[in-house]
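Positions 93 to 584 (full-length UniProt numbering) are the ones given, in order, by the sequence shown.
Scroll down for the structure; my scribbles are underneath it.
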Amino acid sequence: NAVVHWFKTDLRMQDNRALHAAAEIAKQHQIPLLGVYIISPEDWAAHVTSPARVDFTLRSLRQLQGDLAQLDIPLYVETQERRKNIPNRILELCQQWGANHLRANIEYEVDELRREAKVVRLCAKNNIDFTPLHDTCVVTPGVLWTGSGKQYAVFTPWFKGWLAYLKENPDLLELSENPQPNPTRARKEFGKLFDCEIPAAPKNKTVTEEEAKRFSKLFPAGEHEGRKRLEKFLADKCPDYARDRSMLTGEPTSVLSPYFASGVLSARTAVAMAKKDNKNQLDRNSQGHMHWISEVAWRDFYRHVLVHWPFIGMNKCFKVEATNIEWEYDKEQFQTWCDGRTGYPIVDAAMRQLKHSAWLSNRARMIVASFLSKDMLIDWRRGERHFMEYLVDGDFSSNHGGWGFGASTGVDPQPYFRIFNPLLQSEKFDPEGEYIREWVPELRDVQGKAIHDPYHRGAGPTAQKNGYPKQIVDHSASRSRALARYKEALQK
Ligand code: FAD
């Protein structure tokens with residue numbers, strides 16, 4: 093007999109509800125705890141998971157496997173080419189290992205929920221005790237309702253409810269313990285599982301050797317690193333987060349999104365530790381801590397939206413009227429955006445950082461999302477997909493939510509008439525032009541404010557000499573075009 097924990101996007105031991113539940117069963121029945129992870133290239137293709145995120149996942153799996161092995165818990169990893177075979181394979185493995193108990197945390201995307209439901213049915217038919225648990229959100233989707241019994245579609249009142257719920261249920265922020273070591277016989281009985289190697293990435297999701305080195309340096313894998321970053325951020329940067337979070341240099345934010353996205357760090361741990369640092373308060377004291385907690389809550393909010401309006405996972409806008417917006421489908425312009433050659437230095441800096449680092453700050457994401465959907469009037473879904481192709485933290489609900497916000501097509505979006513002026517954004521959030529100089533080497537020699545708009549502020553000859561492009565669209569003309577098209581569509 094044994095109990096199996098099926099790892100998915102919860103690649104950690106600390107504060108992992110289903111793993112903890114499995115460990116409790118192991119302790120109670122004195123049976124071994126076994127871990128399993130199924131790699132699905134079809135899932136990665138369907139979700140447009142980036143090579144950077146696949147690389148991070150595989151590195152995190154290696155780390156997790158090592159950590160679990162220290163407790164004599166094996167982590168068995170295998171690849172299943174067809175994702176529809178996964179439920180049967182999970183059942184087969186449980187039967188092969190003689191396991192009567194299975195635990196896993198729920199994933200809320202439509203395909204994943206269907207898969208979970210299938211496993212529930214299969215286990216019920218085969219007398220395996222399987223309970224999927226809610227874990228990834230701090231407050232479980234479906235718990236918060238408006239006063240009139242509706243689902244929240246606006247963040248601010250939802251967040252008020254979210255905070256109130258956490259205050260009423262302080263135990264929600266009590267973190268679960270790590271599993272205990274397996275009984276010694278586990279090594280004897282399941283010795284082969286300990287030899288399991290983590291497979292390599294599928295060919296179409298492989299990073300180059302140079303990228304592998306770069307990403308390992310930028311985002312070292314594993315929960316110990318996640319926890320270290322969290323502690324360092326809370327001590328050093330969080331107090332000034334409300335003031336500095338949008339600045340494009342100096343890394344004022346936590347850069348924890350890859351760790352949350354792969355479940356290497358739990359959002360609950362993050363909120364619990366931020367609360368503790370904030371004199372155990374969820375409403376007073378440091379503005380920085382409360383602001384940061386509210387950002388972590390945005391992640392919960394977008395999952396709540398996915399659970400209640402799953403049609404958004406079918407390539408649709410949350411705001412149905414926005415379906416009528418008449419987009420431009422200019423391939424060449426789209427490519428200039430992807431390559432960071434729009435002639436708007438702040439946009440180009442961000443798009444180049446995305447390709448190089450597989451990550452962007454929220455401000456940079458908002459600037460390029462607004463530019464693509466409003467200045468270029470290109471369908472936001474192309475940008476959403478491009479982000480997924482590159483981001484190490486690519487996550488369906490947050491990415492869809494972020495694009496919906498920036499393009500004014502989503503839930504609780506930026507009003508459509510609020511169109512970022514990329515030149516003003518540049519001056520405000522990169523006042524010295526350091527961010528631009530870092531990512532756009534053609535403009536490194538440009539001094540002063542000219543860096544924000546070289547061709548109109550006296551640095552044209554340098555920009556031209558170094559091959560920096562002229563602006564691909566005129567902001568004020570494209571702003572008027574966007575206003576007209578959005579107005580027409582939203583008023584239909
Ligand atoms: P911090 O500022 O330190 O915030 C802490 C955590 O809170 C983040 O790690 C993240 O998990 C969560 N968070 C912060 N802001 C948001 C937000 N606006 N929406 C949802 N969660 C938030 N985030 C992703 O994790 N994956 C994505 O694919 C993604 N795509 C985005 C696309 C667009 C167009 C936009 C505008 C935003 C997107 N975001 C996405 C949200 C946000 O930009 C990132 O989570 C954040 O920049 C990550 O940096 P950080 O970890 O330093 O965040």
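In this text, a Cβ means the ideal position worked out from N, Cα and C, and glycines have one as well.
Cβ neighbour criterion (16 or more within 10 Å) applied to residue i
i           : result
residue 510 : exposed
residue 539 : exposed
residue 107 : buried
residue 525 : buried
residue 358 : buried
residue 241 : exposed
residue 370 : buried
residue 169 : buried
residue 287 : exposed
residue 100 : buried
residue 465 : buried
residue 258 : buried
residue 505 : buried
residue 566 : exposed
residue 157 : buried
residue 297 : buried
Cross-strand partners of residue i (DSSP beta bridge)
i           : result
residue 143 : According to DSSP, residue 143 bridges with nothing at all.
residue 195 : 97 and 223
residue 129 : 99 and 169
residue 420 : 470
heavy atom of the ligand FAD below 7 Å from residue i C-beta
i           : result
residue 345 : yes
residue 254 : no
residue 429 : no
residue 380 : no
residue 457 : yes
residue 497 : yes
residue 212 : no
residue 391 : yes
residue 337 : yes
residue 551 : no
residue 352 : yes
residue 387 : yes
residue 487 : yes
residue 491 : yes
residue 394 : yes
residue 370 : no
residue 245 : no
residue 384 : yes
residue 461 : yes
residue 349 : yes
residue 494 : yes
residue 410 : no
residue 465 : no
residue 483 : yes
Rounded distance between the beta-carbons of residue j and residue i, thought under 8 Å
i           : j           : result
residue 196 : residue 94  : Rounded, the Cβ-Cβ distance is 15 Å, inconsistent with contact.
residue 409 : residue 501 : 4 Å
residue 437 : residue 518 : 7 Å
residue 328 : residue 380 : Not confirmed; about 11 Å, so no contact.
residue 486 : residue 479 : 6 Å
residue 564 : residue 435 : 5 Å
residue 397 : residue 363 : Between residue 363 and residue 397 the Cβ distance is about 19 Å, and since that is not below 8 Å, they are no contact.
residue 581 : residue 413 : 6 Å
residue 326 : residue 366 : 6 Å
residue 130 : residue 178 : 5 Å
CA nearest to the CA of residue i, picked from the options
i           : options               : result
residue 432 : 347, 440 and 426      : 440
residue 530 : 351, 124 and 444      : 444
residue 198 : 374, 97 and 226       : 226
residue 154 : 132, 127, 173 and 241 : 127
residue 117 : 158, 146 and 221      : 221
residue 378 : 301, 303, 173 and 334 : 334
residue 484 : 129, 141, 361 and 372 : 141
residue 103 : 124, 145 and 395      : 145
residue 293 : 402, 393 and 134      : 134
residue 280 : 375, 165, 570 and 545 : 165
residue 336 : 449, 130 and 453      : 453
residue 306 : 449, 250, 200 and 513 : 449
residue 353 : 330, 214 and 394      : 394
residue 181 : 235, 98 and 201       : 98
residue 273 : 111, 549, 405 and 208 : 111
residue 402 : 230, 234 and 383      : 234
residue 427 : 121, 308, 474 and 554 : 474
residue 161 : 125, 356, 521 and 265 : 125
Below-8 Å beta-carbon distance, residue i vs any chain D residue
i           : result
residue 296 : The structure shown contains no chain D; it is built from a single protein chain.
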